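Protein chains: 2
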Amino acid sequence: MNKPNIVILGAGYGGLTTAVKLQKELGVNDAHITLVNKNDYHYESTWLHENAAGTLHHDRSRVKIQDIINSAKINFVQDTVTAIKPDEKKVELEDGMLEYDYLVVGLGFEAATFGIPGLLENAFTIGSINKARLIREHIEYQFAKYNNEAEPKPERLTFVVGGGGFTGIEFLGELANRIPELCEEYDIDRSKVRIINVEAMDTIMPGFDPALIEYAMNSLEARGVEFKLGAFLKEVREDGITIEQNGEKQDIPSLTTVWAAGVRANHLVEESGLEHNRGKVDVTPELRAPSHEDVFVVGDCALIWNKETDRPYPPTAQIAMQEAEVCAHNIAALVKGGELEHFEFNDRGTVCSLGHNDAMGAVLGGKKLYGWTATVMKKMIDNRALFKIGGLGLVLKKGKLNIFTK
Amino acid sequence: MNKPNIVILGAGYGGLTTAVKLQKELGVNDAHITLVNKNDYHYESTWLHENAAGTLHHDRSRVKIQDIINSAKINFVQDTVTAIKPDEKKVELEDGMLEYDYLVVGLGFEAATFGIPGLLENAFTIGSINKARLIREHIEYQFAKYNNEAEPKPERLTFVVGGGGFTGIEFLGELANRIPELCEEYDIDRSKVRIINVEAMDTIMPGFDPALIEYAMNSLEARGVEFKLGAFLKEVREDGITIEQNGEKQDIPSLTTVWAAGVRANHLVEESGLEHNRGKVDVTPELRAPSHEDVFVVGDCALIWNKETDRPYPPTAQIAMQEAEVCAHNIAALVKGGELEHFEFNDRGTVCSLGHNDAMGAVLGGKKLYGWTATVMKKMIDNRALFKIGGLGLVLKKGKLNIFTK
Numbered sequence: 000m001n002k003p004n005i006v007i008l009g010a011g012y013g014g015l016t017t018a019v020k021l022q023k024e025l026g027v028n029d030a031h032i033t034l035v036n037k038n039d040y041h042y043e044s045t046w047l048h049e050n051a052a053g054t055l056h057h058d059r060s061r062v063k064i065q066d067i068i069n070s071a072k073i074n075f076v077q078d079t080v081t082a083i084k085p086d087e088k089k090v091e092l093e094d095g096m097l098e099y100d101y102l103v104v105g106l107g108f109e110a111a112t113f114g115i116p117g118l119l120e121n122a123f124t125i126g127s128i129n130k131a132r133l134i135r136e137h138i139e140y141q142f143a144k145y146n147n148e149a150e151p152k153p154e155r156l157t158f159v160v161g162g163g164g165f166t167g168i169e170f171l172g173e174l175a176n177r178i179p180e181l182c183e184e185y186d187i188d189r190s191k192v193r194i195i196n197v198e199a200m201d202t203i204m205p206g207f208d209p210a211l212i213e214y215a216m217n218s219l220e221a222r223g224v225e226f227k228l229g230a231f232l233k234e235v236r237e238d239g240i241t242i243e244q245n246g247e248k249q250d251i252p253s254l255t256t257v258w259a260a261g262v263r264a265n266h267l268v269e270e271s272g273l274e275h276n277r278g279k280v281d282v283t284p285e286l287r288a289p290s291h292e293d294v295f296v297v298g299d300c301a302l303i304w305n306k307e308t309d310r311p312y313p314p315t316a317q318i319a320m321q322e323a324e325v326c327a328h329n330i331a332a333l334v335k336g337g338e339l340e341h342f343e344f345n346d347r348g349t350v351c352s353l354g355h356n357d358a359m360g361a362v363l364g365g366k367k368l369y370g371w372t373a374t375v376m377k378k379m380i381d382n383r384a385l386f387k388i389g390g391l392g393l394v395l396k397k398g399k400l401n402i403f404t405k
Numbered sequence: 000m001n002k003p004n005i006v007i008l009g010a011g012y013g014g015l016t017t018a019v020k021l022q023k024e025l026g027v028n029d030a031h032i033t034l035v036n037k038n039d040y041h042y043e044s045t046w047l048h049e050n051a052a053g054t055l056h057h058d059r060s061r062v063k064i065q066d067i068i069n070s071a072k073i074n075f076v077q078d079t080v081t082a083i084k085p086d087e088k089k090v091e092l093e094d095g096m097l098e099y100d101y102l103v104v105g106l107g108f109e110a111a112t113f114g115i116p117g118l119l120e121n122a123f124t125i126g127s128i129n130k131a132r133l134i135r136e137h138i139e140y141q142f143a144k145y146n147n148e149a150e151p152k153p154e155r156l157t158f159v160v161g162g163g164g165f166t167g168i169e170f171l172g173e174l175a176n177r178i179p180e181l182c183e184e185y186d187i188d189r190s191k192v193r194i195i196n197v198e199a200m201d202t203i204m205p206g207f208d209p210a211l212i213e214y215a216m217n218s219l220e221a222r223g224v225e226f227k228l229g230a231f232l233k234e235v236r237e238d239g240i241t242i243e244q245n246g247e248k249q250d251i252p253s254l255t256t257v258w259a260a261g262v263r264a265n266h267l268v269e270e271s272g273l274e275h276n277r278g279k280v281d282v283t284p285e286l287r288a289p290s291h292e293d294v295f296v297v298g299d300c301a302l303i304w305n306k307e308t309d310r311p312y313p314p315t316a317q318i319a320m321q322e323a324e325v326c327a328h329n330i331a332a333l334v335k336g337g338e339l340e341h342f343e344f345n346d347r348g349t350v351c352s353l354g355h356n357d358a359m360g361a362v363l364g365g366k367k368l369y370g371w372t373a374t375v376m377k378k379m380i381d382n383r384a385l386f387k388i389g390g391l392g393l394v395l396k397k398g399k400l401n402i403f404t405k
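As given, the protein sequences belong to chains A and B, one line each in that order. Residue numbers for the first sequence follow numbering that gives the first Met the number 0, beginning at 0 and rising by one. Residue numbers for the second sequence follow numbering that gives the first Met the number 0, beginning at 0 and rising by one.
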């Protein structure tokens with residue numbers, strides 16, 4: 000009757016995959032498992048840019064947690080975590096408190112604003128279903144308003160995307176496809192709309208092969224995206240931004256700035272008292288917090304080092320789900336007995352979408368992919384994530400099955 | 000070679016029907032006919048409340064003018080009329096000037112605000128395709144924002160409709176159907192949303208049979224509409240309204256007020272120097288302006304008296320299209336010779352929609368209709384208007400052919 004309490008915080012890629020794997024590995028009598036999540040659904044955070052652009056409905060990107068977990072084995076609590084107290088082995092929720100023997104922290108990311116004035120107040124971030132559909136509606140609202148003003152404002156039709164990294168570029172790809180549809184819907188000439196990417200580095204997608212970067216820029220520029228590289232975002236206002244490029248400041252009037260440039264781990268990690276490195280837990284090979292061995296950390300809250308480059312791996316769904324497999328195995332081993340595993344990232348490559356009809360990336364062995372081949376690979380990657388979480392049923396329900404259109 | 004210039008202002012029900020009938024009655028050598036309209040499309044203004052609620056796409060409510068008129072006979076000018084100069088027999092446009100021998104004024108309605116403070120600035124009106132889709136997007140934007148605020152604002156989900164007349168009630172019917180869909184789309188409980196109708200009279204739909212009024216109120220109240228009758232709108236602010244009811248003032252916080260209570264004729268009529276009665280031309284039986292017999296007026300700019308009640312007929316699509324038939328006949332008679340006709344309104348009854356699945360009204364002989372029977376009749380009326388303008392082709396393209404759903 001002395002079953003250990005396993006508490007999993009967050010039903011993102013890391014937390015939910017851990018839960019799904021644990022419910023396979025452990026029997027009802029082995030442990031109490033509790034999964035805590037703010038919403039009653041899991042969402043594919045790597046698809047949110049499509050929901051935000053309005054090219055994919057958000058219901059395609061989410062799935063009810065109750066449809067994924069086995070409620071005989073896992074107790075789902077819909078609540079918001081307010082504090083982690085590792086020294087007391089408990090977690091505070093908005094509406095209660097949970098004690099644990101083993102804790103899995105999978106609380107994901109939040110936007111990093113780097114102290115840029117006005118960013119937090121005036122820029123949108125693509126961080127949840129709620130935020131994604133707000134961006135979608137905000138953009139459409141600008142089009143709806145444009146022709147109703149005595150003096151149509153060009154800044155209504157100027158869309159700024161901050162950041163030329165993975166999320167920024169994928170969002171630009173969708174937006175560049177969506178804008179012509181909105182122009183048609185609202186009888187607005189495409190030439191009146193500007194899409195501007197602001198990136199502080201001299202290149203988009205740093206770390207990617209130059210040929211892939213060139214391909215992505217060509218694809219987006221052909222659809223009207225303007226790149227401002229080496230441009231620092233100095234301020235975001237409700238009605239515009241200020242950038243500094245080549246030492247010169249420039250104001251760009253815009254009623255829509257989407258910030259896709261920086262993420263950090265959930266602030267609860269930093270506040271928890273767990274030993275951390277700039278907000279993330281620099282986990283042991285078993286994925287435990289060095290300061291508290293009953294705490295496992297997966298996903299965007301965990302820091303995993305690439306020993307070849309001596310830099311951390313970027314936080315992705317791919318690495319989060321691989322971590323979850325090891326995390327679940329290790330907790331099961333602690334509960335039932337067995338060997339603990341060490342985590343090794345198996346990089347299967349990365350494909351960056353440029354809209355439903357274009358993509359680029361590099362897969363296993365560094366092979367470069369472009370265009371249609373890359374879009375097919377991207378959809379397979381998206382479907383694979385669904386499969387790992389909800390099996391074939393979920394792929395058939397929410398998957399990107401039409402490789403020709405979407 | 001001395002062909003008369005016929006200029007038709009406005010491609011609403013009155014103007015466009017006049018044009019369509021004239022192109023049948025007159026040959027290419029009989030007259031120069033010019034049709035002026037702000038947009039390159041005609042819209043079904045009696046359907047706009049559906050576009051505004053988001054229950055029918057606005058493309059279903061409009062048709063390209065070039066698809067309706069015979070361009071060998073009618074010269075279409077897309078421009079905005081800025082002034083009518085009947086003494087000089089000319090019309091000023093934003094980008095030019097037109098001279099006429101016969102003028103048809105069919106410039107439609109605009110919102111009457113009765114001097115209510117803030118109404119013009121802060122309330123929406125359902126007066127064009129542009130305005131209808133702005134209302135649709137404004138409403139949806141409130142839902143999208145609601146769950147993104149630290150403190151969700153109830154006024155975001157409070158929707159005020161000013162006026163319990165025909166347009167107000169039809170809009171309420173659509174809105175009451177649309178709100179549950181939006182609640183589902185944005186994960187919001189229906190109980191958080193209020194729909195409030197403010198009407199200064201003690202009843203909605205004045206002049207309608209009490210049994211029909213009772214039916215409409217029951218239908219709307221069952222879907223959550225709150226009626227505030229005998230309530231005067233005293234002020235509209237961006238974030239709410241003030242009403243006075245039973246001598247008491249009350250503030251209602253709301254970010255959305257749609258004003259559907261009053262219309263007046265296009266202000267250009269009043270400014271033209273044509274003799275008018277509160278902005279409308281009290282036309283002769285031939286539908287001419289009494290002060291200028293070369294000017295015909297149709298639709299919402301014309302005043303037609305019901306001799307039985309000694310009150311003007313309310314402006315409807317039905318009366319506008321009947322006027323257009325007589326107007327076109329009379330102009331053709333003046334051009335080619337023939338008898339001028341006198342206009343007599345043939346009231347075929349009125350059906351008021353309460354959403355796609357409910358309606359009420361009275362048809363020829365005063366027979367009352369409710370529910371499904373009335374919705375079928377309403378759709379037939381809508382289709383008949385399309386038929387008169389664009390024939391069977393237009394009915395098949397844009398008509399409300401599915402009498403079971405929409």
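For glycine and all other residues, C-beta sits at the position ideal for the given N, C-alpha and C. Nothing here was measured: the structure is a model prediction, and the numbers come from that model.
Does the beta-carbon of residue i have 16 or more other beta-carbons within 10 angstroms, so that it is buried, or is it exposed?
i: B/VAL350; result: buried
i: A/SER253; result: buried
i: A/ALA314; result: With the sequence shown as reference, residue 314 of chain A is identified as Pro, and Ala is not the correct amino acid for it. By the neighbour-count rule (16 or more Cβ atoms within 10 Å), A/PRO314 is buried.
i: A/ALA82; result: exposed
i: B/HIS341; result: exposed
i: B/LYS387; result: buried
i: B/MET200; result: exposed
i: A/GLU87; result: exposed
i: A/HIS266; result: exposed
Please report the distance separating the alpha-carbon of residue i from that of residue j.
i: B/LYS63; j: B/ASP39; result: 6 Å
i: B/ALA458; j: B/LYS37; result: In the structure displayed, chain B extends from 0 to 405; residue 458 of chain B sits before or after that span and is not available.
i: A/LYS378; j: A/MET359; result: 12 Å
i: A/PHE165; j: A/MET376; result: 16 Å
i: B/GLU109; j: B/ARG310; result: 21 Å
i: B/LEU127; j: A/LEU232; result: The residue asked about is misnamed: residue 127 of chain B is Ser in this sequence, not Leu. Going from the Cα of B/SER127 to the Cα of A/LEU232 covers about 40 Å.
i: A/LYS306; j: A/TYR312; result: 9 Å
Residue i by DSSP, collapsed to three states: which one?
i: B/ARG347; result: coil
i: A/ARG277; result: coil
i: A/PHE207; result: coil
i: B/PRO153; result: helix
i: A/GLU120; result: helix
i: B/PHE113; result: coil
i: A/ASP238; result: coil
i: B/GLY475; result: The question about residue 475 of chain B has no answer here: the residues shown for chain B are numbered 0 through 405.
i: B/TYR42; result: strand
i: B/ALA71; result: coil
i: A/THR79; result: coil
i: B/ILE187; result: coil
i: B/GLY406; result: Lying before the first or after the last residue shown, residue 406 of chain B is absent from chain B, which here runs from 0 to 405.
i: B/TYR369; result: strand
i: B/VAL334; result: helix
So what does residue i bridge to, in DSSP terms?
i: B/PHE170; result: B/PHE170 pairs with nothing; no bridge assigned.
i: B/GLN412; result: Past the boundaries of the shown model lies residue 412 of chain B; chain B is included only from 0 to 405, so the question cannot be answered.
i: A/GLY161; result: A/VAL197 and A/TRP258
i: A/LYS396; result: BP columns for A/LYS396 are empty, so no partner.
i: A/ILE7; result: A/LEU34 and A/VAL103
i: B/ASP250; result: B/THR241
Is the region 312 to 328 of chain B touching the region 295 to 303 of chain B in the sense that three or more CB pairs, one from each, lie closer than 8 Å?
yes
Taking one C-beta from the region 237 to 251 of chain B and one from the region 51 to 69 of chain B each time, how about it: are there three or more such pairs within less than 8 Å?
no
Segment contact, 8 Å Cβ cut-off, at least three pairs: the region 206 to 217 of chain B with the region 151 to 158 of chain B:
no
Just by C-beta distance, which residues in the region 48 to 62 of chain B are closer than 7 Å to chain D?
Note that chain D does not occur in the displayed structure, where the protein chains are A and B.
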